[in-house]
Each structure stands twice: as C-alpha cells, then as structure tokens.
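Chains as they are written, first to last, in my numbering: chain A, 440 to 676; chain B, 440 to 676.
C-beta atoms are modelled at their ideal positions from N, C-alpha and C, and glycine is treated no differently.
From a predicted model like this one, the values you see are computed outputs, not experimental measurements.
Number of protein chains: 2
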Amino acid sequence: MDLILGTLVEATQEVQEKHQQEEQCQKPDLLYQRQQVLGRDRQHGDNGDGKRTGAVEREHMFDKVLTPSDVGKLNRLVVPKQHAERFFPVAGAGTQLCFEDRAAEPWRFRYSYWRSSQSYVMTKGWSRFVRAARLAAGDTISFSRGAVGGRYFIDYRHCQRRRRDINFNDAAALPAWPLLGRVKRTAAGGSGGATMTVDTVPVARHHVEVKPTGMRCFRLFGVNIEYGGDDPVPGGG
Amino acid sequence: MDLILGTLVEATQEVQEKHQQEEQCQKPDLLYQRQQVLGRDRQHGDNGDGKRTGAVEREHMFDKVLTPSDVGKLNRLVVPKQHAERFFPVAGAGTQLCFEDRAAEPWRFRYSYWRSSQSYVMTKGWSRFVRAARLAAGDTISFSRGAVGGRYFIDYRHCQRRRRDINFNDAAALPAWPLLGRVKRTAAGGSGGATMTVDTVPVARHHVEVKPTGMRCFRLFGVNIEYGGDDPVPGGG
DNA sequence: CCTACCACCTGCAAC
DNA sequence: CGTTGCAGGTGGTAG
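Here's what the structure looks like:
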C-alpha cells in the first residue's frame with residue numbers, strides 16, 4: 440500500500456477518492472480522504488511526486504474537537520495534557536514541531552508548556568494552519584505519527600454543522616439568551632462599521648463588523664455573533 | 440533667548456518633514472510652552488537653579504501622538520523606526536537613554552529593538568513617565584536633543600480634548616450615563632485610569648478606557664461597552 | 001497577590 | 001501586489 444492513512448487503509452484509496460464530500464461531518468475512518476490542498480491555490484509541482492516518497496505507515500495518536508478558543512484570536516491550540524505528555528517531546532524553550540498535512544505540506548508549530556495554566560499549547564504557526572484549513576469550533580484535528588522516523592502528521596475534518604459562530608438567524612434554536620432585552624439595529628456607522636444597540640441592562644453599544652458577505656458580526660461574552668445583513672434581527676422591532 | 444522652544448527651532452531647522460500632518464490637536468508651535476512641572480508635588484529644591492544651567496539650544500527630533508497602547512498596560516512606547524534609526528544610538532542589550540523633561544528632571548528609559556516585531560521601543564521607566572505626565576492616548580510627546588553635548592529632551596502636550604479619564608466633576612456634562620443608579624467618586628486611581636463605582640445591582644467597579652475618538656469604553660460581563668462621542672446613548676435617558 | 005518588565009507574536013493597514 | 005511598520009497582544013519572570 441502506499442501513502443495511507445489511518446483507518447482508510449482498510450479501503451482502497453482510489454475508491455475513497457471518488458466519494459469525497461468536503462466540509463461534511465463524516466465517519467472518522469474517512470478522515471484521511473484526499474481533499475483539496477490546504478488553503479493553497481498553487482500546486483506544489485516540485486513535490487507532487489517527491490513527497491510521496493515520504494509515505495509511511497502511520498500510527499494514530501489522538502484527535503481533538505476544536506474549541507472556539509483553539510480557532511480564535513488566542514492563536515493557540517491547547518493540547519490535552521495526557522496526549523501531549525504521551526506523544527510529544529518535552530516542551531522546552533523554543534520547541535518546534537513539524538507536522539505534515541494530507542498534501543505533505545509541512546506545518547511548524549511552536550509547542551510549549553504554559554505554567555500559568557499548566558497546559559500544553561501549540562502557538563506560533565497554529566493560526567496560519569487554522570486559516571488555511573478553515574478550521575472552526577467543532578471541527579476535529581487528528582494527529583498521527585509515522586511508524587518509523589519520528590515524523591508527525593496532522594489532519595482535520597470539518598464538522599457537519601459549522602459552529603464557527605452563532606448565527607442570529609437561528610437564534611430561536613439557541614439556548615435562551617442570558618440577557619433579556621431587545622436587540623435593535625441602528626444606522627450603519629459608515630466605512631464598514633455599524634453600531635447596534637443591545638437594549639437591556641446595561642445598555643451597550645457594540646461595534647458591528649460588516650463582512651463582505653453582508654453578514655454582520657460582533658462579539659458578546661467572548662462569542663462571535665453573526666447575523667445576516669438582509670434579514671431583520673430577531674426581536675429587533 | 441532662554442530655554443527654548445519649538446517654533447524657533449522649527450523655523451531655523453528646516454521646513455522639511457513636509458509638515459506631515461501632526462495629527463492635529465494643536466499647532467506644533469505650542470508644544471514647548473511652559474506648563475506645570477511634571478506631575479510632582481514636591482519642588483526639586485536642589486536643582487531649582489542648578490538645572491537651569493542645562494539650558495541649550497535644542498534641535499527638534501520628532502513627535503509622536505500617543506496611542507492607547509503607548510500609555511496603556513503594555514508599558515512601552517513604540518518609537519517609529521525611521522526616527523529611532525535616525526536619532527537614537529543603536530539599541531543594544533541594556534541600552535538606556537536619559538531624557539530631561541521641561542523641569543530638567545531626568546527620565547531614564549530602557550531602549551531596545553524587538554526583533555520579532557522589528558520595532559524600537561522604550562520600556563523600563565516609560566510607564567512611570569506616562570503616569571507622572573498624566574499622558575493619555577492622543578497626547579503628543581516630543582523628543583529633541585541639545586545642539587551640543589548629546590543630551591536628549593522629552594516634552595509632551597496634552598490633547599485639547601482630554602481623553603485621559605472621566606472627570607466626575609463634569610459628569611453632568613457627559614451624555615446620560617447608561618446605567619441606572621448613582622455614580623460615586625472613589626479615591627483617585629492615580630494610575631491614569633479612573634476607577635469608578637457604579638452603584639447598581641450588583642455593585643461593580645470598572646476601569647474606563649478612553650479611545651482616541653473620544654469614545655469611552657469599559658468592559659462589563661465581557662462586553663466592551665462604549666459611550667460618549669457625538670451621539671447620545673440610545674435608551675440612556 | 002499584584003505590577004512592571006522582557007522577549008516573543010500577529011493581524012492589518014498603508015506603502 | 002507583496003512587504004513592513006506598528007498597534008495591540010501573549011506567557012514568563014522578578015520583585
């Protein structure tokens with residue numbers, strides 16, 4: 440067998456590739472399906488073949504379902520301690536780990552131990568991966584390593600129901616909002632920013648970012664909240 | 440002439456700099472006006488006379504309009520690279536620069552280069568100066584040097600519309616406070632940020648930050664709440 | 001505890 | 001456009 444990859448090894452690669460369904464929650468054994476090259480438009484001509492030579496049998500180490508913090512502005516991934524201590528080298532000053540993605544592209548992450556929180560984290564380089572892979576909270580990343588040679592591999596699977604943000608249009612489906620109050624929209628603030636008012640106690644104004652898609656976004660209680668540009672805001676009479 | 444002063448130097452020195460928008464506030468030529476002695480209650484008896492001997496002609500180097508970060512908890516001043524490299528010595532390990540203020544008081548700042556951000560910064564000692572001079576975002580600091588002798592001088596000008604903190608004596612002039620309840624003054628925080636007590640349910644103390652725009656901002660339950668500026672706060676009545 | 005300080009890091013706007 | 005200056009951050013450490 441060549442390249443492969445987790446439980447996918449059980450099936451033939453070729454068949455699997457024909458059934459790829461991107462951006463969907465799938466059974467774990469489909470995790471290593473070939474998908475588009477991570478966030479790159481270019482094809483890596485040099486290594487399209489050469490990197491295949493790197494194919495080795497892989498031992499699955501662990502998965503993690505990503506939290507909002509793992510994909511947010513903190514630019515860090517918390518690595519569960521038991522997995523970190525079992526599979527990764529001791530985190531020293533400037534420790535850097537290199538992981539190959541499914542396209543054999545290397546990703547280098549700084550890996551360190553934060554005493555203050557007594558946790559292991561990937562920091563530098565992680566946010567680039569998040570963006571390239573378009574990872575969102577609820578998505579799963581999977582770490583594995585080569586059976587020989589000390590190589591690490593990283594892969595990911597998008598979850599079916601994207602949980603990157605709370606969509607206000609679906610607010611009715613969310614748990615009851617902790618603040619009782621009406622949400623009113625005010626005039627757009629110009630230059631891509633708008634201000635909306637959450638009318639409750641206390642009254643607060645939030646900077647609302649308007650995305651190219653027309654979605655509006657602001658943060659409340661550490662949550663990125665989006666609501667559609669066209670639809671009226673629920674409760675916003 | 441004695442001690443002086445902005446416009447004189449500016450006239451003789453050069454028109455250069457093509458008058459790069461000094462970020463308004465006031466005319467630069469008012470910068471060196473004599474103002475109160477830097478934030479000290481005590482008079483410096485020893486040097487009330489002696490330091491006057493230090494009067495020299497000064498060459499203006501550069502100004503900077505302070506950002507919130509320059510006066511905030513980061514305890515550092517970013518020195519624009521072009522000015523740093525033009526006027527200051529090479530930043531080595533432990534480099535320290537001494538600047539005399541308008542009262543001839545010396546202020547020593549650690550001056551270093553941060554490779555990671557490729558920027559020059561004043562660190563140690565800077566925050567003390569910020570507090571002593573009651574600097575706030577939007578204020579301008581001005582660096583000059585003696586025409587001879589390698590001495591450095593620092594001065595500052597407060598922004599016309601003070602954005603340092605909320606003066607509760609002027610509370611009546613502020614837009615209606617969005618929280619229902621009594622607002623009491625506490626002892627002056629002394630550290631550039633005002634601490635206020637909002638007597639409501641529950642009683643909470645908040646650090647109020649004032650943005651360059653004049654908007655005031657504090658966090659409540661993780662929410663960045665802004666008020667002030669031009670518009671009255673909706674529902675604040 | 002807290003604050004300052006230190007050496008990193010990153011997104012983004014402006015050039 | 002890619003590059004970069006820099007505003008705004010981080011965890012760790014010393015005191």
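Residue pairing of residue 536 of chain B in beta bridges, as defined by DSSP: B/548.
Exposure of residue 555 of chain A is indicated by the presence of fewer than 16 other C-beta atoms within 10 angstroms of its C-beta. Of the residues B/589, B/513, B/575, B/572, the one whose Cα lies closest to the Cα of residue 563 of chain B is B/513.
Counting only residues of its own chain and dropping the five nearest sequence neighbours on each side, residue 561 of chain B has a CB closer than 6 Å to the CB of 516, 548, 550. Counting only the Cα atoms, residue 542 of chain A lies some 20 Å from residue 503 of chain A.
For residue 593 of chain A, the closest C-alpha among the options A/599, A/532, A/565 is that of A/565. Remark: C-beta atoms of residue 590 of chain B and residue 500 of chain B do not approach each other more closely than 8 Å. A residue is called buried once 16 or more other Cβ atoms fall within 10 Å of its Cβ, and residue 598 of chain A is buried on that count.
Close CB contacts of residue 496 of chain A within its chain, under the 6 Å cut and outside five residues either way in sequence, are with 586 (chain order).
Excluding the 5 residues flanking it on each side, residue 588 of chain B has same chain C-beta neighbours closer than 8 Å at 495, in chain order. Under the DSSP assignment, residue 503 of chain B falls in the beta strand (DSSP E) whose first and last residues are 497 to 504. Taken through DSSP and simplified to helix, strand or coil, residue 527 of chain A comes out as coil. When the alpha-carbon of residue 557 of chain B is set against those of B/538, B/533, B/523, the nearest one is in B/523. Here residue 510 of chain B carries a helix assignment [DSSP, helix/strand/coil].
About 5 Å separates the CB atoms of residue 572 of chain A and residue 595 of chain A; that is less than 8 Å, so the two are in contact. In the three-state scheme derived from DSSP, where H, G and I count as helix and E and B as strand, residue 587 of chain A is classed as coil.
Listed in chain order, the non-local C-beta contacts of residue 518 of chain B below 8 Å within the same chain comprise 503, 527, 550, 558, 559, 560, 561, local neighbours out to five positions each way being set aside. C-alpha of residue 539 of chain A to C-alpha of residue 533 of chain B: approximately 40 Å in a straight line. Taking 8 Å as the cut-off, the Cβ atoms of residue 553 of chain B and residue 568 of chain B do not count as close.
Residue 574 of chain A is not bridged by DSSP to any residue. Taking a 10 Å sphere around the C-beta of residue 531 of chain B, we find fewer than 16 other C-beta atoms and assign the residue as exposed.
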